[in-house]
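Engineer:
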Amino acid sequence: MTVSGQPVGPKTFAELVELKQNIKLPLIIKGVMDIEDALKCAEAEIDGIVVSNHGGRVLDHTPGTAEVLPGIRDAVGNRMTIFVDGGIRTGFDVLKMLALGADAVLLGRPITQAGAGGAEGIAFLLKYLQAELEAAMIMTGVQDLSKITRDIIYKK
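Numbering of the sequence shown is given in UniProt numbering, commencing with residue 1 and proceeding in unit increments.
(1) If we require 3 or more residues per run, which beta strand (DSSP E) segments fall completely within the stretch 27-115?
(2) DSSP state of Q143, grouped into three classes?
(3) Short of 7 Å in beta carbon distance, which residues of its chain neighbour G121, apart from the five on each side in sequence? Order them along the chain.
(4) Just to check my reading of the structure: L69 and I46 have Cβ atoms closer than 8 Å, yes? What is that Cβ distance to the nearest angstrom?
(5) Check this for me: beta carbons of L100 and R150, under 8 Å apart or not?
(6) Hey, could you find the ends of the alpha helix (DSSP H) residue 172 is sitting in?
(7) Assuming G86 and S52 are in contact, meaning their beta carbons sit under 8 Å apart, how far apart are those beta carbons, in whole angstroms?
(8) Tell me, please, which residues DSSP counts as bridged to V3.
(9) Quick check: what's the CA-CA separation for F124 versus I29?
(10) Going by DSSP in three states, L25 sits in which element: helix, strand or coil?
(11) Assuming A66 and F83 are in contact, meaning their beta carbons sit under 8 Å apart, how far apart are those beta carbons, in whole angstroms?
(12) Shortest alpha-carbon distance to A38 belongs to which of F13, N22 and H61?
(13) For I152, which residues from the same chain have a beta carbon less than 6 Å from its beta carbon, with the 5 sequence-adjacent residues on both sides left out?
(14) Select from P7, H54 and I72 the residue whose C-alpha is nearest the C-alpha of R109.
So, in structure tokens, the structure goes:
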């Protein structure tokens, strides 16, 4: 099948390994939503993955990224950088995703919407998100981003 003349469809593990071996740039794979795919990426020495349930490659009604993120992090450990996107709207959401195992979060829609206000709109949004994240950290007793753990969400 092709879309706009470009072949579409899943790539094989061999194609992924070949791609990684033949580029000199970091390789980040988007759309990873299960442990098996994350482990394949780790085996191929992919630099990072984006835990994401959108982008035109998955159906709706799939699990949310917050549901699958902890299992993926547990499975791959620190072998790669894990980004997450989808539904992140507040600094509180950022804290939750970091606590669930993300190294960083990606913000699409909020940035796009803030862009209607130009550079000032985006700067305002980023300052607002930072203030919310700092408030969430205070509420959970976390003083440093590196100290955010799952314990702030799931008490033992």
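Here a beta-carbon is modelled for each residue, glycine too, at the ideal position from N, C-alpha and C. Predicted model, so just to flag it, every value in this text is computed and none were measured.
Structural biologist: Taking the coordinates as given:
(1) 28-32, 48-51 and 81-84
(2) It is coil, neither helix nor strand.
(3) A114 and G115
(4) Taking 8 Å as the upper bound for CB-CB distance, L69 and I46 are not in contact here, some 17 Å apart.
(5) yes
(6) Shown here, the chain extends from 1 to 156; a query on residue 172 therefore has no answer.
(7) 6 Å
(8) Q6
(9) 30 Å
(10) coil
(11) Wrong, their Cβ atoms sit about 14 Å apart, outside the cutoff.
(12) F13
(13) A99 and T140
(14) H54
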